[in-house]
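Have a look at the structure below before the remarks.
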Amino acid sequence: MYKIATISLLFTILLTSCVSKKKFNQVENQKIALQEEISNLKSEREACNENYADLKDEVLSYKQKIAELQGDSEDKIELTSNGQLVSEDMKTNIRRVFSKMPVEQRSDAKTLEDSINLAVAYNIKSNLLKQMKEEDRIADEAIEVDVSEPIVRITLTDKVLFKSGSYWVDKKAYNLLARIAEVINSEPNIDVRVEGHSDNIKVAEESYIVDNWDLSIRRAASVVRTLENEFQVSGDRLIASGRSHYKPAADNSTSEGRAKNRRTTILLLPKIERYQELLNK
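To convert a position in the sequence shown, counted from 1, into my numbering, add 864.
Take a look at the structure:
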């Protein structure tokens, strides 16, 4: 009986020892797995930090190009990160620019960021107007600029770019396009989309222009060709598109509204492929 009890005790000790060792191995394996996961997470974090730094540099580069579009005015506004850390000098410049702007335009500023974007857009427009000869400048409404950093939208009425009834770019607009091309060529990661727009008046029958789709596309393509052939903007960075009369900027029932709708929009925007490349790193 004593022997049986002794054997049972030894068996129990051995069984307990085996179970403990099994649990120990399980814990050890979990520890190794967790260490590997932590190591992977650290690597991912480092990659994300590098990616963020690259994106930050890209955005800074775009902002510098926006600053160049403003010219050498003493009222130049330097874009900041989401309108933060605005210096007193910048606030003074914004107030000075706002004093020159129409009241209805100033009223669009609801936030500090709005104020910065509006002031930058006003400076860009003023600088672009300077690129044109005095006699070639049309009404103030002929050029509109909208900034939503880091994207710049430059809208030109047909009178700025084309002779009446034509889709060939008028040479009087070359100085203006040359300035835009200069900024494009200095930043390899900017793409350019040119959109043609028309009013809703049907094209005259038997015209060499088929319809408003045809007109808007031909005018956008003409601007793209001019940027490429005259000012050496690489064709693989240019996009030409036509919107016909389907995206009006004003009421087509008035001659003034139709004049505003006959326009071409040039968008300077970050290169999508570049952003995707950085995001997929």
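Ideal Cβ placement from N, Cα and C applies to all residues, glycine included.
From the options, residue whose alpha carbon lies closest to that of residue i
i: E1120; options: E968, A1084, K964, K1023; result: K1023
i: N991; options: V1033, I1073, Q934, A1114; result: Q934
i: A1084; options: A897, V1056, P1014; result: V1056
i: V1009; options: Q995, V984, K1027; result: V984
i: I1018; options: I1081, W1077, A1006; result: A1006
i: V1011; options: H1109, I988, W1077, E900; result: I988
i: I1081; options: R1126, R1101, F1095; result: R1126
i: P1112; options: A1123, F1026, K1035; result: A1123
i: Q928; options: L898, Q899, L905, I1054; result: I1054
i: V1067; options: S1108, E1092, L905; result: S1108
i: Y1110; options: L1079, S1098, Q995; result: L1079
i: Y1072; options: G1029, E1094, K1036, Y1038; result: G1029
i: F1095; options: A1037, P1134, V1074; result: A1037
i: E942; options: L1020, K1027, L982, I896; result: L982
i: P1134; options: Q894, T1021, I930, R909; result: I930
i: N1039; options: K1027, L993, Q899; result: L993
i: E977; options: V967, I958, Q899; result: I958
Beta bridge counterpart(s) of residue i as assigned by DSSP
i: G1060; result: G1106, T1128
i: T1090; result: According to DSSP, T1090 bridges with nothing at all.
i: V1047; result: Answer by DSSP bridge pairing: none, since V1047 is not bridged.
i: T1019; result: E1008, T1129
i: V1033; result: F1026
i: D1078; result: Paired residues: none, contrary to the question.
i: D1055; result: L1133
Limits of the alpha helix (DSSP H) - the one that residue i falls within
i: R970; result: 967-970
i: T956; result: 952-962
i: D978; result: 976-994
Cβ pair residue i, residue j closer than 7 Å
i: D936; j: R960; result: no
i: T1129; j: E1059; result: yes
i: N1064; j: N1116; result: yes
i: Y1031; j: S979; result: no
i: P1014; j: Y926; result: yes
i: L1041; j: T975; result: no
i: M954; j: Y986; result: no
i: A1114; j: V1088; result: no
i: S1062; j: N1076; result: yes
i: R1043; j: Q969; result: no
i: L1132; j: V1016; result: yes
i: L1020; j: V1033; result: no
7 Å Cβ cutoff, residue i in contact with chain C
i: A897; result: Among the chains of the structure shown, chain C does not appear; only one protein chain is present.
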